[in-house]
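Colleague: Residue numbers (the numbering used here): 20 to 265.
Where is the CB? At the ideal position from N, CA and C, for every residue including glycine.
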């Protein structure tokens with residue numbers, strides 16, 4: 020399971036994208052009741068805050084104390100620190116369980132057992148994620164040539180599950196059809212560089228050999244971005260999987 024120190028959690032909180040607003044509305048329409056939802060592996064609360072607009076109560080948990088320390092407070096959100104595979108929640112408690120961009124880090128056999136314990140019969144399980152980023156032809160070329168080659172040996176095997184949109188994960192639910200959602204952000208060049216710094220492979224490479232590759236990529240990217248403070252439309256390929264737990 021990936022963990023973060025305080026500095027990394029701060030960068031993560033500032034630079035990770037918020038998910039499509041339409042996702043939460045759609046999610047709320049798939050459940051019988053909107054009493055309580057679990058945002059599992061909530062990070063710094065990107066999804067938890069938006070879920071609070073549609074559910075009476077949001078339980079948000081993460082294994083990382085530093086992530087929870089950076090989480091955005093909300094009167095309807097209760098943050099706690101513990102692994103998703105072993106929680107303190109009551110049996111048959113949740114109308115819905117959500118995992119945003121994190122399922123690939125779980126010990127899945129134990130997690131599915133916990134899901135079945137804490138979710139109400141017929142409750143909804145939803146997970147989602149995104150892959151890479153697309154800026155523009157020139158910017159993407161810089162990232163492909165000056166960032167990705169330095170990371171190739173640092174990607175954990177779990178990341179490959181994400182790249183394949185979880186097609187190799189067996190889900191113990193009755194699947195339901197999910198609509199397509201667009202995930203786009205308007206970011207400056209520093210925001211984009213911070214986002215790439217939060218990648219797991221980037222963090223591992225930095226711990227091993229330092230961040231010189233990002234410093235160099237930043238210099239080269241600035242020549243094609245022109246004005247680093249100018250915001251550009253960033254697209255992140257996005258997917259959703261969902262089903263009812265019987």
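Return the CA-CA distance between residue 218 and residue 193, expressed in angstroms with no decimal places.
Modeller: Rounded to whole angstroms, residue 218 to residue 193 spans 32 angstroms at the Cα level.
Colleague: Which residues in the same chain have their Cβ closer than 6 angstroms to the Cβ of residue 137, if we skip the five residues on either side of it in sequence?
Modeller: Closer than 6 angstroms at the Cβ level, and outside the excluded window around residue 137, lie 108, 112, 113.
Colleague: Quick check on the burial criterion: 16 or more other C-beta atoms within 10 angstroms. Buried or exposed for residue 38?
Modeller: When all chains shown are included, residue 38 counts as buried.
Colleague: Just to confirm, is the Cβ distance from residue 197 to residue 259 under 7 angstroms?
Modeller: Their beta carbons are under 7 angstroms apart, which means residue 197 touches residue 259 by this criterion.
Colleague: What are the partner residues of residue 138, as DSSP defines its beta bridges?
Modeller: DSSP output for residue 138 lists 113 as bridge partner(s).
Colleague: Between 239, 81, 169, which has its C-alpha nearest residue 223's C-alpha?
Modeller: The shortest Cα separation from residue 223 among 239, 81, 169 belongs to 169.
Colleague: To the nearest angstrom, report how far apart residue 142 and residue 130 are at their CA atoms.
Modeller: Straight-line Cα distance between these residues: approximately 16 angstroms.
Colleague: For the structure I just gave you, are there three or more beta carbon pairs, one from the stretch 153–172 and one from the stretch 95–104, closer than 8 angstroms?
Modeller: No, because fewer than three Cβ pairs between the stretch 153–172 and the stretch 95–104 fall closer than 8 angstroms, the two stretches do not touch.
Colleague: Alpha carbon to alpha carbon, how far is residue 125 from residue 220?
Modeller: In a straight line, the C-alpha of residue 125 is about 17 angstroms away from that of residue 220.
Colleague: Within 10 angstroms of its Cβ, does residue 26 collect 16 or more other Cβ (buried), or is it exposed?
Modeller: Low confidence applies to residue 26: its pLDDT is 47, below 50, so where it sits in the model is not reliable, and the reading given next is rough at best. Residue 26 comes out exposed.
Colleague: In this structure, does DSSP put residue 193 in helix, strand or coil?
Modeller: DSSP places residue 193 in strand when its eight states are reduced to three.
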